[in-house]
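Chemist:
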Amino acid sequence: MALFNFYDDWLTRISPYTAFSRVILILRALGFDSEGTKQIIWSNSGVITESHHIWPSLTDEQWIEVESKLRDLILEEYSKKYNLDVQSLTQSEIRDLILGQDVRFSTIRRQEIAEIEKSGGQVENKEITAQKSISTNIHGEQIVTVTTTNYEQATFSSKNEWRNRALAASNLHQRAKNIYVASEEFVDDDSYTYVIPKNILQKFIQVSDLRIQVGAYLYGKSPSGHSEVKEIKCLVFVPQLGSTNSIQFPKSKPEYEGYLKEEGLELLGWIHSQSQDFDYMTSYDITTQSRMFEHYDPRFIDMTASYTPGSVTLAAFELSERGFEWGKSNKDMMSDSPEGFEKSFSKKSQLIMSDKILGTYMVPEDEIWNYFFMGAIFNSNDLYNLKVDIPLSFYDAVHRPIHFTNFAQLEAGNEEEAYQEDVFS
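Sequential numbering from -17 applies to the sequence shown in our numbering.
1. Among all the DSSP beta bridges, which residues are the ones paired with A148?
2. Give me the Cα-Cα distance between D259 and P291, rounded to the nearest whole angstrom.
3. Excluding the five sequence neighbours on either side, which residues of its own chain have a C-beta within less than 8 Å of the C-beta of N160, listed in chain order?
4. Tell me whether N181 sits in a helix, a strand or coil according to DSSP, three-state version.
5. On the DSSP letters alone, give me the boundaries of the beta strand (DSSP E) that V370 sits inside.
6. Throw me the rounded Cβ distance for the W252 and D284 pair, which I believe falls under 8 Å.
7. Between which two residues does the alpha helix (DSSP H) holding E237 run?
8. For a quick check, are the C-beta atoms of L223 and F186 less than 8 Å apart?
9. Secondary structure at E47, three-state DSSP: helix, strand or coil?
10. Since K212 contacts E245 with CB under 8 Å, what's their CB separation in whole angstroms?
11. Considering F299, what are the terminal residues of the beta strand (DSSP E) in which it resides?
12. Can you tell which of W351, P373, T264 has the C-alpha that lies nearest to the C-alpha of S319?
13. With a 10 Å radius around its C-beta and 16 neighbouring C-beta atoms as the bar for buried, classify L296 as buried or exposed.
14. Would you mind working out which of R157, D172, Y278, G322 sits nearest A287, comparing C-alpha positions?
15. Would you identify the three-state DSSP class for H254, choosing helix, strand or coil?
16. Taking 8 Å as the threshold, find out whether the segment 186 to 199 comes into contact with the segment 375 to 384 through three or more Cβ pairs.
17. Can you say whether Q332 is buried or exposed, counting buried as having 16 or more other CB atoms within 10 angstroms of its CB?
18. Just verifying my parser: in three-state terms, what is the DSSP assignment at P280?
19. Over what stretch of residues does the beta strand (DSSP E) that includes G18 continue unbroken?
20. So, with DSSP's three-state summary, where would you put Q113?
21. Exposed or buried, what is P236 when buried is set at 16 or more other beta-carbons lying within 10 Å of its beta-carbon?
22. Residues in the same chain with beta-carbon distance under 7 Å from K369, minus the five sequence neighbours each way, listed in chain order, please.
23. Note down, in chain order, each residue of its chain lying with its Cβ closer than 7 Å to the Cβ of K325, except the 5 sequence neighbours on either side.
24. Would D(-9) pass as an interface residue toward chain C - the criterion being a Cβ-Cβ separation below 8 Å?
25. How should A150 be labelled, buried or exposed, when 16 other C-beta atoms within 10 angstroms of its C-beta is the threshold for buried?
26. To which residues of the same chain is L247 closer than 7 Å at the C-beta, ignoring the five residues directly before and after it?
27. Measure the beta-carbon distance from V220 to W37 and round it to whole angstroms, keeping in mind my assumption that it falls under 8 Å.
28. Have a look at P232 and L9 and give me their C-alpha separation to the nearest angstrom.
29. Could you tell me the alpha carbon to alpha carbon distance between N412 and E143, rounded to whole angstroms?
30. Please confirm if the segment 76 to 83 is in contact with the segment 6 to 21, defined as three or more CB-CB distances below 8 Å between the two stretches.
31. Measuring straight from C-alpha to C-alpha, what distance separates S225 and R53?
32. Please classify S88: does DSSP put it in a helix, a strand, or coil?
33. What residues in its chain sit with their C-beta under 7 Å from that of G305, if we drop five residues either side in the sequence?
34. Classify P179: buried if its beta carbon has 16 or more other beta carbons within 10 angstroms, exposed otherwise.
35. Taking the alpha carbon of S33 as the reference point, which residue from D(-9), Q73, H208, I(-4) has its own alpha carbon closest?
36. Can you tell me the Cα-Cα spacing of Q73 and S206, whole angstroms?
Structure, rendered in structure tokens:
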């Protein structure tokens, strides 16, 4: 008798949550294109499949590459089936589609409930209600269409509607007026005391988003005569792809030249926004920070700006060497509590916010740092140059060009119609 495990030996290296997510991804891809999925999974003829296993014996790095190709396959097939531009989807919408969720129904139900409440409880039978629509073809002929069902009448909607978040983000300047620092009592040890200018922190909050994380590198130096104090002088916004839990930064860190070298600034850590307040470094933060450096630096801090009701809570954390080693080996970026994670991996650092000193910003030369709406073209291996400038907001037009494509097409269509000959004149 042969006993088969659907996870093979995955659970010896990854968590059950990650294994389950991988199986869901494979099954979802098989549903779209079974032959293409098999070619991706069994593309390497040199990799064997054990007699008691279902899947090939791939390494963790090979599985990451396979999962990336399967995601691309699903999105490509979905875009062909529904005539949808993948670049117009947010990361949360892409995740929902990959997991097989129908993101439309919840919004449609809420709309129908609201219509019923407005009509005083009278429910309209949509299946016997005729709807007439009039359209005009390129020859100027009117086409009248009458439908008695709601087929092709419902529009695509998502629970992660970026328009609502954009409106909410326009009020972040109000929260920037109420900033609270969560720091431990001052102790006499070898830790630095970090001072951040209020002006650059307020701007960081204003250009961020309430849901998607935004990050930047912290650069500063010690004032003369106070080597135990580090004043943060510059926030460096690099190209990044954020999500609700983590941020992908380029593999190359900012070049030590130009303004950074002229001012003698050193890399002190990184700062990022988050939608919830934690009194410890999350597993995502530890993994992200551990991948930034080859060697452990005990004084490299993780500063968080947490959005609490009507305010922002600021905190700074130092990562222990044991936490650094765990983050280096962690492969699970899906679970909130991966195997081996401990809250004691980090401790709070001494932090002060001051309006007595000022700071500045550095951004990419093309000014584009947010790739949330252009995730398909983000490449962590790309190089970038920096300049001293004020960062654009998360929802600035240059960060979401796909949203303006339809407007350009409509304008082009109107111009073509204006030059048509009127055959009835």
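Cβ atoms here follow ideal geometry from the backbone N, Cα and C, with glycine treated the same way.
Modeler: Checking against the coordinates, here is how it stands:
1. Note: A148 sits in no beta bridge, so no partner.
2. 11 Å
3. G292, S293, V294
4. helix
5. 368 to 370
6. 6 Å
7. First-last for E237: undefined, no H or E at that position.
8. no
9. helix
10. Between E245 and K212 the Cβ distance is about 14 Å, and since that is not below 8 Å, they are no contact.
11. 293 to 301
12. T264
13. buried
14. R157
15. strand
16. yes
17. buried
18. coil
19. Taken as a continuous stretch (DSSP letters only), G18 belongs to no beta strand (DSSP E), being part of the alpha helix (DSSP H) at 16 to 23.
20. strand
21. buried
22. M344, V345, E347
23. Y262
24. No chain C appears in this structure, which consists of one protein chain only.
25. exposed
26. Y201, G202, K203, K215, C216
27. Wrong, their Cβ atoms sit about 37 Å apart, outside the cutoff.
28. 31 Å
29. For the chain, the structure presents residues -17 to 407; residue 412 sits outside this window and is missing.
30. yes
31. 16 Å
32. Unreliable placement is indicated for S88, whose pLDDT of 42 sits below 50; no coordinate value is reported for it.
33. I268, F327, S328
34. buried
35. D(-9)
36. 45 Å
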